[in-house]
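The structure under discussion appears below in the form of structure tokens.
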Amino acid sequence: SVRFVFAFLTTINLVSLVSNGFQSSVDQMAKTSAMMRAVCNRKHKASEQLVDGLGRGEFADNKDLKCYANCVLEMMQAMKKGKITADNAIKQIELLIPSGIAEPTVRAFSLCRDAANDIKNPCEAAYALLKCLHANNPKYFFA
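Numbers -17 to -1, 1 to 126, taken from mature numbering (1 follows the signal peptide of the UniProt record, and there is no 0), label the letters of the sequence shown in order.
Structure (structure tokens):
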């Protein structure tokens, strides 16, 4: 299953992060991000241009892109069935991301934990979270 593959790759990345230091951890984050991007793009067919725009804070009003965002956030354990799981996300961040990047990211998740409370559609909820995270952590925002 996709979750098993993600958990397995995350474990491998964690071992590598601990043994190889900061620069390797940034490289591993990029590899993990690329893996999630590939999995979620296969499912939701968001254009590469729109996905790249997310990293620049460009949030196009596109259903496939919103569902792509939901897929990535679910793989990161930041959302489940349209609900933000900030505590799970914060645990993952503290475990896998270098502290200089983790601290502002944790702060952003704490500020955004209620960003999707009144939104029923999981893809719309994910997009609301993504926009909030970018607004509160633009320097280290990655999608």
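Virtual Cβ for every residue (Gly too), placed ideally from N, Cα, C.
task = Could you give the DSSP three-state label for alanine 111: helix, strand or coil?
result = Alanine 111 falls in the helix class under three-state DSSP.
inquiry  = Please report the straight-line C-alpha distance between glutamate 41 and proline 121, rounded to a whole angstrom.
reply    = Cα atoms of glutamate 41 and proline 121: separation of roughly 11 Å, rounded to the nearest angstrom.
message = Along the chain, where does the alpha helix (DSSP H) containing aspartate 35 start, and where does it finish?
response = That run of the alpha helix (DSSP H) goes 31 to 38.
request  = Starting from lysine 63, follow its DSSP beta bridges and name the residues at the other end.
outcome  = Within the DSSP bridge table, the entry for lysine 63 names Lys66 as partners.
inquiry  = On a Cα-Cα basis, can you pick out the residue from Ala52, Met19, Gln60 that is closest to leucine 33?
reply    = Closest by C-alpha distance to leucine 33, out of Ala52, Met19, Gln60, is Ala52.
request  = State whether the region 58 to 66 contacts the region 35 to 50, with contact taken as three or more CB pairs (one from each stretch) at a distance under 8 Å.
outcome  = No, they do not touch.
request  = Count the CB pairs spanning the region 43 to 50 and the region 101 to 111 that are closer than 8 Å, and state whether there are at least three.
outcome  = Remark: three or more beta-carbon pairs, one from each stretch, lie closer than 8 Å, so the region 43 to 50 and the region 101 to 111 are flagged as touching.
key: Alpha-carbon to alpha-carbon, methionine 18 and glutamate 31   = Distance between the alpha carbons of glutamate 31 and methionine 18 is about 14 Å.
message = If I measure Cβ to Cβ from alanine 43 and keep anything under 8 Å in the same chain, skipping five residues before and after, which residues do I get?
response = Closer than 8 Å at the Cβ level, and outside the excluded window around alanine 43, lie Leu33, Gly36.
query = From leucine 113 to glutamine 75, what does the alpha carbon distance come to, in whole angstroms?
reply = Their backbone Cα atoms lie some 17 Å apart in a straight line.
request  = Work out the CA separation of threonine 88 and proline 81 for me, nearest whole Å.
outcome  = If I take the Cα positions, the gap works out to 11 Å.
ask   = Residues in its own chain within less than 8 Å of tyrosine 123 by CB, not counting five upstream and five downstream?
value = These residues qualify, in order along the chain: Ile84, Pro87, Thr88.
Given cysteine 23 as reference, the closest of Val55, Glu77, Ala13 once Cα atoms are compared = For cysteine 23, the nearest C-alpha among the options comes from Val55.
ask   = How should alanine 69 be labelled, buried or exposed, when 16 other C-beta atoms within 10 angstroms of its C-beta is the threshold for buried?
value = Under a 10 Å Cβ-count criterion, alanine 69 is classified as buried, with 16 or more other Cβ atoms of the shown protein chains found around its own Cβ.
query = Whole-angstrom Cβ separation of alanine 91 and alanine 99, contact assumed at under 8 Å?
reply = Incorrect: roughly 14 Å between the Cβ atoms, too far for contact.
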